[in-house]
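S.K.:
Number of protein chains: 2
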Amino acid sequence: MGHRDGFEKPGSRAENREEIERAILNAAEEVFAQKGFGGATMQAIADACHLPKANLHYYFSSKETLYRRVVERIFTIWLEAADSFETSATPDVALRRYITRKMQLSREHRYGSKVWANEVMHGAPIIHDYLETSLRRWTETRIAVIRRWSAEGAIHDVDPRWLLYMIWSTTQHYADFAHQIETLNQGPLSDAQWVSATETVCQIILRGIGLNGDGLDGVAPL
Amino acid sequence: MGHRDGFEKPGSRAENREEIERAILNAAEEVFAQKGFGGATMQAIADACHLPKANLHYYFSSKETLYRRVVERIFTIWLEAADSFETSATPDVALRRYITRKMQLSREHRYGSKVWANEVMHGAPIIHDYLETSLRRWTETRIAVIRRWSAEGAIHDVDPRWLLYMIWSTTQHYADFAHQIETLNQGPLSDAQWVSATETVCQIILRGIGLNGDGLDGVAPL
DNA sequence: GTCTATACCCAGATAGAC
DNA sequence: GTCTATCTGGGTATAGAC
Numbered sequence: 001m002g003h004r005d006g007f008e009k010p011g012s013r014a015e016n017r018e019e020i021e022r023a024i025l026n027a028a029e030e031v032f033a034q035k036g037f038g039g040a041t042m043q044a045i046a047d048a049c050h051l052p053k054a055n056l057h058y059y060f061s062s063k064e065t066l067y068r069r070v071v072e073r074i075f076t077i078w079l080e081a082a083d084s085f086e087t088s089a090t091p092d093v094a095l096r097r098y099i100t101r102k103m104q105l106s107r108e109h110r111y112g113s114k115v116w117a118n119e120v121m122h123g124a125p126i127i128h129d130y131l132e133t134s135l136r137r138w139t140e141t142r143i144a145v146i147r148r149w150s151a152e153g154a155i156h157d158v159d160p161r162w163l164l165y166m167i168w169s170t171t172q173h174y175a176d177f178a179h180q181i182e183t184l185n186q187g188p189l190s191d192a193q194w195v196s197a198t199e200t201v202c203q204i205i206l207r208g209i210g211l212n213g214d215g216l217d218g219v220a221p222l
Numbered sequence: 001m002g003h004r005d006g007f008e009k010p011g012s013r014a015e016n017r018e019e020i021e022r023a024i025l026n027a028a029e030e031v032f033a034q035k036g037f038g039g040a041t042m043q044a045i046a047d048a049c050h051l052p053k054a055n056l057h058y059y060f061s062s063k064e065t066l067y068r069r070v071v072e073r074i075f076t077i078w079l080e081a082a083d084s085f086e087t088s089a090t091p092d093v094a095l096r097r098y099i100t101r102k103m104q105l106s107r108e109h110r111y112g113s114k115v116w117a118n119e120v121m122h123g124a125p126i127i128h129d130y131l132e133t134s135l136r137r138w139t140e141t142r143i144a145v146i147r148r149w150s151a152e153g154a155i156h157d158v159d160p161r162w163l164l165y166m167i168w169s170t171t172q173h174y175a176d177f178a179h180q181i182e183t184l185n186q187g188p189l190s191d192a193q194w195v196s197a198t199e200t201v202c203q204i205i206l207r208g209i210g211l212n213g214d215g216l217d218g219v220a221p222l
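Top to bottom, those sequences are chains H and U.
For the first sequence, counting from 1, position 152 maps to 152 in the UniProt record's numbering; every step adds exactly one.
For the second sequence, counting from 1, position 187 maps to 187 in the UniProt record's numbering; every step adds exactly one.
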């Protein structure tokens, strides 16, 4: 007992390590989102998670490694969310779910969305391979589904790519351009405004491709 | 005559200065777009316009001054483009023109759009006042117009804000996320693809708010 | 007006005590 | 594992020759 280094409960050290890493990643996500990779400093990230700067280098070998981990974590969340675009559902259900989920992500993961946008805008130097593998695969399966819907006459004849880009951009805009939106709104969006915005995006897109968009034809309320 | 410093044609020096400044601004726009403010270096900008680094400081007192000038220039182009949203026209014409113009800007001013997006994503530290003055004024006049259209029954009842954000995001996406789009497309978009994307965006949005969107009801082909 | 050489500072990374 | 002190590279900005 006393000040000599004692025993730890098995696993507690590893758990603690994970916890600290998560804290650093969260802080890093916010700082990278607000300042960009070049503008962010290890000092600022360290301050944000109340750790000495040197500790960050103990857990992550370099600034770039840390950044890469942040981006990878976001990409994973993104891909999982993408599953809400169920390829088995009807167009109404699939699109409504997907748009709603993406709006929710924009609200709950604003910083993640910004880091992702930043990364892509700068030419995706870190995650370029993900774009060419995971994202491309995901996109191609959805394109095929949308094509089928068109062929069956369930929706108008649209190029699936432009439709997907439209969904991505409109939903992510609420995270990436949150500052502009909140400035024009003179404050953060209320719960009601989020619902209203989500509903509007759903309706315009669904009606735009020939569905009635009222959300009353087979979609269970979420 | 000879090597002693001679006369200049009136205005030629000033013209030259403007030319050099424009060259620096163009180079800076590209570098800032690709690297962000923090990631960009004066050296990289100097290289891009084939000038020694010190000359940049002769024409622009600091990196931040240069950046500010770049952002202001973009904002001006943006606002001018905004005039294509003519408040006097019918919804079909006004929206179609505005969307088309914004798509064109995304294609022709990719870097400018990226710098703007970057600036807003990082909380608009430089142009925050523009958001609260010029942009807010512009937005409010358009909101009023869209409200009127709704009231007259010309378009469905939508919150004008969400509609505007939708137009901004979908069109700017083609500039800001160009890298992602081109990766999925395995190359830059062709002329035909730009036309097709523009047409799709117009149709989905116009139909989405209750217009027929076929572009054949009063809009002269541009 | 133009450019080379340099001052100065700050940020990423590490050494080494605890 | 944690933290202080320090090294080092690179970036902004400027001094001063031409």
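We put the beta carbon where it would ideally sit given N, CA and C, even for glycine.
No experiment lies behind these values; they were computed from the predicted model shown.
Indicate the three-state DSSP secondary structure (helix, strand or coil) for residue 186 of chain U in the structure shown.
M.R.: As a position in the second sequence, residue 186 of chain U is number 186, starting the count at 1. Three-state result, residue 186 of chain U: coil.
S.K.: Please report how far the alpha carbon of residue 4 of chain H lies from the alpha carbon of residue 54 of chain H, in whole angstroms.
M.R.: The residue labelled residue 4 of chain H in the question sits at position 4 within the first sequence. The residue labelled residue 54 of chain H in the question sits at position 54 within the first sequence. Bear in mind that a pLDDT of 36 at residue 4 of chain H, under 50, signals an unreliable position, so the model cannot answer this.
S.K.: Rounded to whole angstroms, how far is the Cβ of residue 162 of chain U from the Cβ of residue 200 of chain H, which I believe are closer than 8 Å?
M.R.: Mapped onto the second sequence, residue 162 of chain U falls at position 162. Mapped onto the first sequence, residue 200 of chain H falls at position 200. Residue 162 of chain U to residue 200 of chain H, Cβ: 4 Å. Contact.
S.K.: So, is the C-beta of residue 56 of chain U closer than 8 Å to a C-beta in chain H?
M.R.: For this step, residue 56 of chain U is matched to residue 56 along the second sequence. By this cut-off, residue 56 of chain U is not an interface position.
S.K.: Can you give the Cα-Cα distance for residue 64 of chain U and residue 154 of chain U, rounded to whole angstroms?
M.R.: Your numbering for residue 64 of chain U matches position 64 in the second sequence. Your numbering for residue 154 of chain U matches position 154 in the second sequence. Rounded to the nearest angstrom, the two C-alpha atoms are 47 Å apart.
S.K.: When you check each C-beta in the stretch 130 to 149 of chain U against every C-beta of chain H, which residues fall closer than 8 Å?
M.R.: Per Cβ criterion, the list reads 131, 132, 135, 136 and 139.
S.K.: Rounded to whole angstroms, what's the CA-CA distance from residue 206 of chain U to residue 147 of chain U? Just pull it up for me.
M.R.: For the purposes of this step, residue 206 of chain U is taken as residue 206 along the second sequence, with counting starting at 1. For the purposes of this step, residue 147 of chain U is taken as residue 147 along the second sequence, with counting starting at 1. The straight-line gap from Cα to Cα measures roughly 15 Å.
S.K.: Beta carbon of residue 76 of chain U, beta carbon of residue 141 of chain U: below 8 Å?
M.R.: Counted from its first residue, the second sequence places residue 76 of chain U at position 76. Counted from its first residue, the second sequence places residue 141 of chain U at position 141. No, the pair does not count as a contact, with Cβ atoms beyond the cut-off.
S.K.: Between the stretch 164 to 171 of chain U and the stretch 116 to 125 of chain U, are three or more C-beta pairs nearer than 8 Å?
M.R.: No, because fewer than three Cβ pairs between the stretch 164 to 171 of chain U and the stretch 116 to 125 of chain U fall closer than 8 Å, the two stretches do not touch.
S.K.: Is residue 87 of chain U near the ligand ATP, with its Cβ less than 7 Å from a heavy atom?
M.R.: What this structure holds is no ligand at all, so the ligand ATP is not there to describe.
S.K.: Give me the Cα-Cα distance between residue 28 of chain U and residue 67 of chain U, rounded to the nearest whole angstrom.
M.R.: Translated into the one-based positions of the second sequence, residue 28 of chain U becomes position 28. Translated into the one-based positions of the second sequence, residue 67 of chain U becomes position 67. The alpha-carbon atoms of residue 28 of chain U and residue 67 of chain U are separated by roughly 7 Å.
S.K.: Ordered along the chain, which non-local residues of its own chain (more than five positions away) have a Cβ less than 7 Å from that of residue 79 of chain H?
M.R.: As a working note, residue 79 of chain H is residue 79 in the first sequence. 134 and 138, listed in sequence order.
S.K.: For the stretch 183 to 194 of chain U against the stretch 111 to 118 of chain U, do three or more pairs of beta-carbon atoms, one drawn from each stretch, fall closer than 8 Å, so that the two count as touching?
M.R.: Flag = no, the stretch 183 to 194 of chain U and the stretch 111 to 118 of chain U do not touch.
S.K.: For the putative contact between residue 56 of chain U and residue 42 of chain U, defined by C-beta atoms under 8 Å, what is the C-beta separation to the nearest angstrom?
M.R.: As a working note, residue 56 of chain U is residue 56 in the second sequence. As a working note, residue 42 of chain U is residue 42 in the second sequence. Between residue 42 of chain U and residue 56 of chain U the Cβ distance is about 6 Å, and since that is below 8 Å, they are a contact.
S.K.: Pick out the complete alpha helix (DSSP H) segments inside the stretch 80 to 148 of chain U, 4 residues or longer, and give them in chain order.
M.R.: Counting whole runs of 4 or more residues, the stretch 80 to 148 of chain U contains the alpha helix (DSSP H) stretches 91 to 108 and 110 to 121.
S.K.: Can you tell me the Cα-Cα spacing of residue 93 of chain U and residue 198 of chain U, whole angstroms?
M.R.: Along the second sequence, read from residue 1 onward, the residue named residue 93 of chain U stands at position 93. Along the second sequence, read from residue 1 onward, the residue named residue 198 of chain U stands at position 198. Those two C-alpha atoms are separated by around 14 Å.
S.K.: Tell me which residue opens and which closes the alpha helix (DSSP H) that residue 200 of chain U is part of.
M.R.: By 1-based counting over the second sequence, the position of residue 200 of chain U is 200. Here the alpha helix (DSSP H) through residue 200 of chain U covers 191 to 208.
S.K.: Below 8 Å between beta carbons: does that hold for residue 127 of chain H and residue 70 of chain H?
M.R.: By one-based count along the first sequence, residue 127 of chain H stands at place 127. By one-based count along the first sequence, residue 70 of chain H stands at place 70. The answer is no: Cβ separation not under 8 Å.
S.K.: Against residue 197 of chain H, what residues of chain U qualify as contacts under a CB-to-CB distance less than 9 Å, listed in chain order?
M.R.: Here residue 197 of chain H refers to the residue found at position 197 of the first sequence. By Cβ distance, chain U contributes 159, 161, 162 and 165.
S.K.: Check distances from the C-beta atoms of the stretch 165 to 188 of chain H to those of chain U and list, in chain order, the residues that come in under 8 Å.
M.R.: Those residues of the stretch 165 to 188 of chain H that come within reach of chain U (Cβ to Cβ, closer than 8 Å) are 165, 166, 168, 169, 170, 172, 173, 174, 176, 177, 179, 180, 181, 183, 184 and 185.
S.K.: For residue 84 of chain H versus residue 101 of chain H, is the C-beta spacing smaller than 8 Å?
M.R.: Working through the first sequence from its first residue, we reach residue 84 of chain H at position 84. Working through the first sequence from its first residue, we reach residue 101 of chain H at position 101. A contact, by the Cβ cut-off of 8 Å.
S.K.: By the three-class DSSP mapping on this structure, what secondary structure does residue 40 of chain H have?
M.R.: Within the first sequence, residue 40 of chain H is the residue found at index 40, counting from 1. The answer is coil: DSSP assigns residue 40 of chain H none of H, G, I, E or B.
S.K.: Grab the span of the alpha helix (DSSP H) containing residue 169 of chain H for me, first residue to last.
M.R.: Counted from its first residue, the first sequence places residue 169 of chain H at position 169. It spans 160 to 176 - the alpha helix (DSSP H) in which residue 169 of chain H sits, taken as one unbroken run.
S.K.: Is the beta carbon of residue 173 of chain U less than 8 Å from the beta carbon of residue 165 of chain H?
M.R.: Translated into positions along the second sequence, residue 173 of chain U becomes position 173. Translated into positions along the first sequence, residue 165 of chain H becomes position 165. Contact flag set, yes.
S.K.: Check whether chain H comes within 8 Å of residue 103 of chain U, counting only Cβ atoms and requiring the distance to be less than that.
M.R.: For the purposes of this step, residue 103 of chain U is identified with residue 103 of the second sequence, where counting begins at 1. No - not a single Cβ of chain H is within 8 Å of the one on residue 103 of chain U.
S.K.: Since residue 204 of chain H contacts residue 208 of chain U with CB under 8 Å, what's their CB separation in whole angstroms?
M.R.: As a working note, residue 204 of chain H is residue 204 in the first sequence. As a working note, residue 208 of chain U is residue 208 in the second sequence. That pair is a contact at about 3 Å.
S.K.: Between the alpha carbons of residue 181 of chain H and residue 112 of chain H, how many angstroms are there, rounded?
M.R.: Reading the first sequence from its first residue, position 181 is the one you call residue 181 of chain H. Reading the first sequence from its first residue, position 112 is the one you call residue 112 of chain H. Computed Cα separation, rounded: 18 Å.
S.K.: In whole angstroms, what is the alpha-carbon distance linking residue 211 of chain H and residue 157 of chain H?
M.R.: Taking the first sequence and counting its residues from 1, one reaches residue 211 of chain H at position 211. Taking the first sequence and counting its residues from 1, one reaches residue 157 of chain H at position 157. Going from the Cα of residue 211 of chain H to the Cα of residue 157 of chain H covers about 12 Å.
S.K.: Pull up the distance between the alpha-carbon of residue 18 of chain U and that of residue 25 of chain U, whole angstroms please.
M.R.: Mapped onto the second sequence, residue 18 of chain U falls at position 18. Mapped onto the second sequence, residue 25 of chain U falls at position 25. Between residue 18 of chain U and residue 25 of chain U, the C-alpha separation is close to 10 Å.
S.K.: The alpha helix (DSSP H) with residue 55 of chain U in it runs from where to where?
M.R.: Locating residue 55 of chain U in the second sequence gives position 55, where the first residue counts as 1. Element bounds for residue 55 of chain U: 53 to 59.
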